[in-house]
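So the structure is just underneath, and the comments pick up after that.
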Amino acid sequence: MKQKLTKGRLLIVFALLTLVLSGCGEPFLSTLIPAGEAGQIAYDLMILSTVIMVGVIIVVSIMFAVAVIKFRRKKGDESIPKQVEGSHVLEIVWTVIPILLLIILTVPTVITTFELADTKAMDKKNEDGTTDALVVNVRASLYWWEFEYPNQKIITSQELVVPTDQRVYFNIKASDVKHSFWIPAAGGKIDANTDNVNKMWLEFDNEKAKEADNLFYGKCTELCGPSHALMDFKVQALPQDEFDQWVTAMQTVDAEAAPQDPQAAAGQEIFNQKCLSCHAVSPADARPEAARLAPNLADFGDRTRVAGILEHNEEELKNWIANPEAYKPGNKMTGTYGELSDQELDQLAAYLMGLKLEK
């Protein structure tokens, strides 16, 4: 008996914890704290759906309770309650009400679907081939993300930079297996396929971005391999003037400039010998897409994470370079070059952490 009571208490505790923790969320990660127009539209639709469903549950539960209490069999009372079988009024009521509820739910759902799928602005080309809308080409690979800004002629990776308070349009595809692009706080997710390009738009509210320290999290949401759960990226949502400054700084990066620090200069030589065949340090990477086999590292020193998951410091960077398989099993960097000595690792880390944009 005591054992049953203990199990019952544990069950109640875990149920309460589940209920409490389900309300937890961070402004950079939760769909329940929308940070832009697309996210707010989806959130409003979710609230509408929830209200309708909860309303139906409450009404049905009340009717069930009334029926159980009022018409329960009593001792000595063998009378049969009035039968309502074949009542046209009741049949009309329980047919019309669900239809009305479906209409209330369907109309905004269809309108929202078409609104979120409206990407015509990114197809309107100027004479020089650019668009007035900000377009980002997203390419998903095992297990990293590439972000190309065709109008600005910039390619970067792992950290998406966008302006606030305007729609950003995305072309999304995959280079190897099926992935899925999702920024929970900004809006819905969409598949990244190898055989076609999917399109969507998102918008980041400036005030919401400030609450999140201008940093949101993105994820792959399609099981793509052993390190699927580690396929993260970050989103820097900046005011328009700061975004313009970032674009200018990226466009003026001199990838061939030799570092002043001798340690970093030695690291640049190592990088050119062992890493340059896959990686690039020029935002204006002119290589064809098929040759871009690994993340562009142009602004690596300014990023917030190493490999999307580790603390951004030289120690973690050296750990990653020395043994990437230990952190992201199945990644394509594993085994692509010979072992580096401790001195070479120090030099390479110094060079990569020095890849920063001029402020």
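If you use full-length UniProt numbering, the sequence shown corresponds to residues 1 to 359, in order.
Glycine residues also receive a C-beta, built at the ideal position from the N, C-alpha and C atoms.
Predicted model, so just to flag it, every value in this text is computed and none were measured.
Secondary structure in the UniProt domain "Cytochrome c" (262-356): the alpha helix (DSSP H) runs of 4 residues or longer, each lying completely within the stretch, are 262-274, 314-322, 342-353 in chain order. Comparing alpha carbon positions, the residue from L32, T156, E115, L102 closest to M250 is T156. In the DSSP assignment, H88 falls within the alpha helix (DSSP H) that extends over 88-116. Straight-line measurement puts the Cα of A192 at about 22 Å from the Cα of K153. Take the alpha-carbon of E339 and the one of P324: they are about 12 Å apart. The Cβ atoms of L355 and G301 lie closer than 7 Å to each other. D241 and F204 have their C-alpha atoms spaced approximately 15 Å apart. At a Cβ-Cβ threshold of 7 Å, Q158 and P329 do not count as neighbours. L317 is classed as buried because its beta carbon has at least 16 other beta carbons within 10 Å across all chains shown.
Note on D299: 16 or more other CB atoms within 10 angstroms of its CB, so buried under the neighbour-count rule. If you ignore the 5 residues before and after L345, its C-beta comes within less than 8 Å of the C-beta of K318, I321, A322, all in its own chain and listed in chain order. Contact between F216 and A186 holds: their C-beta atoms lie close to 6 Å from each other, under 8 Å. Taking the C-beta atoms as reference points, P184 is found nearer than 7 Å to L29. When DSSP states are grouped into helix, strand and coil, G218 belongs to the strand group. In this chain, D244 is not harboured by any beta strand (DSSP E); it is covered by the alpha helix (DSSP H) spanning 240-251.
Exposed is the label assigned to V96, since fewer than 16 other Cβ atoms lie within 10 Å of its Cβ. Residue range 206-211 is occupied by the alpha helix (DSSP H) that includes E207. DSSP lists F170 as the beta-bridge partner residues of M200.
By the Cβ test, the segment 30-37 is in contact with the segment 198-213, since at least three Cβ pairs between them sit closer than 8 Å.
Per DSSP, D44 is one residue of the alpha helix (DSSP H) stretching across 37-70. Counted as a single uninterrupted DSSP element, the beta strand (DSSP E) harbouring E148 occupies residues 144-149. With a 10 Å radius around the Cβ and a threshold of 16 neighbouring Cβ atoms, A15 comes out exposed. F114 and P108 have their C-alpha atoms spaced approximately 10 Å apart.
For E222, the number of other beta carbons within 10 angstroms of its own is at least 16, and it is reported as buried. Using a 10 angstroms sphere on the CB of H88, the tally of other CB atoms stays under 16, which defines it as exposed. Here P259 is near A265, since their CB atoms are less than 7 Å apart.
Taking all protein chains shown into account, R303 has 16 or more neighbouring C-beta atoms within 10 Å of its C-beta and is therefore buried.
For T31 and K70, the gap between their C-alpha atoms comes out near 43 Å. T164 is classed as buried because its beta carbon has at least 16 other beta carbons within 10 Å across all chains shown. Closest in alpha carbon position to A280, among Q263, P262, V253, is V253.
Q245 places its beta carbon 7 Å or farther from that of N214. Inclusion of I58 and L101 in the CB contact set at 7 Å is not warranted, their separation being larger than that value.
DSSP places K234 within a strand segment (E or B) once states are collapsed to three.
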